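I have placed the structure first, in the form of structure tokens, so that the comments after it can refer back to it.
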Amino acid sequence: MSRMRELVDILNKYAYQYYVLDNPTVSDKEYDVLYDELVRLEKETGEVLFDSPTKRVGGELISAFKKHDHIERLYSLDKATSVEEIMAFDKRINKGAEELEYTVEYKFDGLTICLTYDEGKFVCASTRGNGVTGEDVTAQVLTIKSFPLIIDYKGKIEVQGEAIMRLSVLEEYNKTALEPLKNARNAVAGAIRNLDPKVTEKRRVEIMFYNVNYMDDNVLKSQTESVQFLRDNGFKVHPFLRVCKGINAVMSAINDIENDRKTLDILTDGAVVKVNDFSLRSILGATDKFPRWAIAYKFEAEEVTTILNKVIWQVGRTGKLTPLGLLEPTFLAGATVKKATLNNMGDIVRKGVKEGARVLVRRSNEVIPEILGTTEIFEHCKDVVAPTVCPDCNTPVIENGANLFCPNVHCRSRVIAKLTNFASKNGFDIEGFSEMTAGVLFDNFGVEKFADLFNLDREKLLQLEGFKDAKTDNLLNAINNSKNVEFSNFIFSLGIGNIGKKTAKDLAKEFKSIDSLISADKEKLVSMGDIGEITADCIVEFFKNEQNLMEINALFDAGVTIKQMETSKGGVFAGEKVVLTGTLSQFKRDEAAKIIENLGGEIMSSVSKNTTLVLAGESAGSKLQKALNLGIKIIDEETFKSLINT
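Each residue of the sequence shown is one higher than the last, beginning at 37 in this note's numbering.
As structure tokens, this is what we get:
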């Protein structure tokens, strides 16, 4: 039994580091060896300790959900959708001259869960229900590993959180699912409110905790104390918690959330504003529906249903045919949406998409919306038919894996997409160059190759409709000024399959010259770590193609040069993986990032266990808090300046 106790404690520590802190300290193999030993000992002794991790495996089907009465009512929140409504909320409750102290947190879009503990042990889990009575979902929640089975507090307590499914987990799940899930919110609700706990376990649900709903002795005095209590007792808490003096600071925090949420791997639809002081909360009280001391600020909806009128097929620079849905225009996330993407024919079939059906559309990160699934099918709906020929040049398409391709390298759509990518900001950055420009040049002068752009004739351009002196000269000057290009931009401009901005930078940093990259084999590419086998194959095959090599040489013949990569000035940040957060007063964000890269560092977009350093400016938010939680080294702008000037 002593060895079982030791194993349970070790495994629970490792699980806490992995699922709560996002900072694993042992490999899966090491964990599994200890776990298997515990399973063997439990079988031999017939004993299972209360907090054993073996209890978190999905059990048998349950026959029905039982009702569960909450110790204290779980309130829903009143909502605001504008600055004026937030100001009105402050005015209603702030009767004094001093500014109130508020907390601002993310509002996650999942399923509310309430956990009950007594004598330090987990008792049960339930849904919110009507706030007074919910459904007992203990069997399902036991499969979730982001909360403890034993806590230090020995009184009776209820803690509240939001069950969520990460967007990356949803994406991976849908790759192999017989029936893809439409969105993260529905996915987690279906996982928790499912009679089979194995379904919950398979969907890898997490719970983000944010509230102590009831506590025997009421020792907590504020929201900040409440959140710290949750952290101290091993519950998973999102790192963003902003304490704000006055409503103007609240709006600043809400704006930060609205900007940063686009980089989150979690579905969030707003921010929650609460009075921090619990004694003031008790004075303010609640209405029949809502507490007077809190409000949810809701962002514009990112999902909506509308009618899919038709599916057309677009041809990209590699010849890949991508289906595009033409929608009944609808307003979504601040814009009128008329089009939405689908991945391929298999995606269409899995999602049950039909022309004339009502579909669920999501728009996020300011990119073209995506069709998530079908919500309603009518009698007049038609099946989407896969094309047999290219919709542009009528060349018979070929099938490669899950996708269809036009093999004609002279196809107008392919050429235009190729030239537009070449001239884009991440490529040669030719100012004023657009798809329309590429189309005009292809149609009138047969421009297909990259080097053709550097050999345009001014007099011939002037003969084109709309090409006056100023426009022609601006275009030619922009093309000429682009000739000296960063190596990473040069790589991106070539249009190699699966090569985006980040991978192009990684390749430039690794290989330093185009000749080294051309001669790289698959093994060398994969050894870089962030490049998988499919991407490595794309790179190797691209440089095996004689036509591609001829295009590259033609660029150099036309006067293109690749800038020498700046070498490290002493390598102050050599080996550092750096995240920038907050506002810098003396540097632009891109400028600081470039300095770090030139001094040997690598820029990362988000804080993780791999991050080694965070540069934090003013009003740094959730990234700074996560860095603090993980114990990552943090420097301010003054320290940064001193480092780069040494």
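We treat Cβ as the ideally placed atom computed from N, Cα and C, and that holds for glycine. Note that this is a predicted model, so its numbers are computed, not measured.
- Secondary structure in the stretch 452-513: the alpha helix (DSSP H) runs of 4 residues or longer, each lying completely within the stretch, are 471-481, 494-498 in chain order.
- Taking a contact as a CB-CB distance under 8 Å, the pair I228 and S182 does not count as one, their CB atoms being some 13 Å apart.
- Distance between T260 and I567, taken at the CA atoms: about 42 Å.
- Here the C-alpha atom of K504 lies approximately 15 Å from the C-alpha atom of L492.
- DSSP places T61 in the coil class of the three-state scheme, outside both helix and strand.
- When secondary structure is reduced to three states using DSSP, T212 falls in the helix class.
- Spatial neighbours of V255 in its own chain (CB-CB distance under 8 Å, excluding positions within 5 residues in sequence) are not present.
- For the set S678, D324, I588, the Cα lying nearest the Cα of G531 is the one of I588.
- Between E135 and G282 the beta-carbon gap is near 3 Å, inside 8 Å, which marks them as a contact.
- Taking 7 Å as the cut-off, the Cβ atoms of T90 and Q176 do not count as close.
- The alpha-carbon of T179 is positioned some 26 Å away from that of R109.
- N291: member of the alpha helix (DSSP H) spanning 283-296, first to last residue.
- Between K49 and the set F578, I187, L635, M586, the nearest pair of CA atoms involves I187.
- With distances taken between CA atoms, G637 lies nearest to L649 out of E120, F523, L649.
- Burial state of I527 is buried, judged by a 10 Å Cβ sphere holding 16 or more other Cβ atoms.
- V615 and H104 have their C-alpha atoms roughly 44 Å apart.
- According to the DSSP assignment, T539 belongs to the alpha helix (DSSP H) that extends over 537-547.
- Across the set N430, V397, G392, the C-alpha of G392 shows the shortest separation from the C-alpha of I413.
- Out of E120, R239, K272, M123, the CA that lies nearest to the CA of V195 is found in K272.
- Per DSSP, R240 lies in no beta strand (DSSP E) segment and is marked neither H nor E.
- Under the 10 Å beta carbon count, R399 is surrounded by 16 or more other beta carbons and is classified as buried.
- In the three-state reduction of the DSSP assignment, D268 falls in the helix class, which pools H, G and I.
- With three or more CB-CB distances shorter than 8 Å, the stretch 424-441 counts as touching the stretch 337-356.
- Straight across, the Cα-Cα distance linking F486 with T163 is about 59 Å.
- In the three-state reduction of the DSSP assignment, E198 falls in the strand class, which pools E and B.
- Boundaries of the beta strand (DSSP E) harbouring R398: 394-398, taken from the DSSP string.
- Within the same chain, and ignoring the five residues on either side of F464 in sequence, the residues whose Cβ sits closer than 7 Å to its Cβ are F458, S518, V521, N525, S529.
- With 16 or more neighbouring CB atoms inside 10 Å of its own CB, R278 falls in the buried class.
- Only residues of its own chain outside the window of five on either side were considered, and among them none has a CB closer than 6 Å to the CB of E577.
- By the CB criterion at 7 Å, G618 and E674 fall outside the cutoff.
- In this structure, the beta-carbon distance from R240 to D145 does not fall below 7 Å.
- When the Cα atoms are used, E80 and E42 turn out to be separated by approximately 16 Å.
- V224 is positioned such that its CB atom lies closer than 7 Å to that of L147.
- For A572, the enclosing alpha helix (DSSP H) has its first and last residue at 569-580.
- Per DSSP, the beta bridge partners of A307 are Y142, Y333.
- Taking a 10 Å sphere around the C-beta of T342, we find 16 or more other C-beta atoms and assign the residue as buried.
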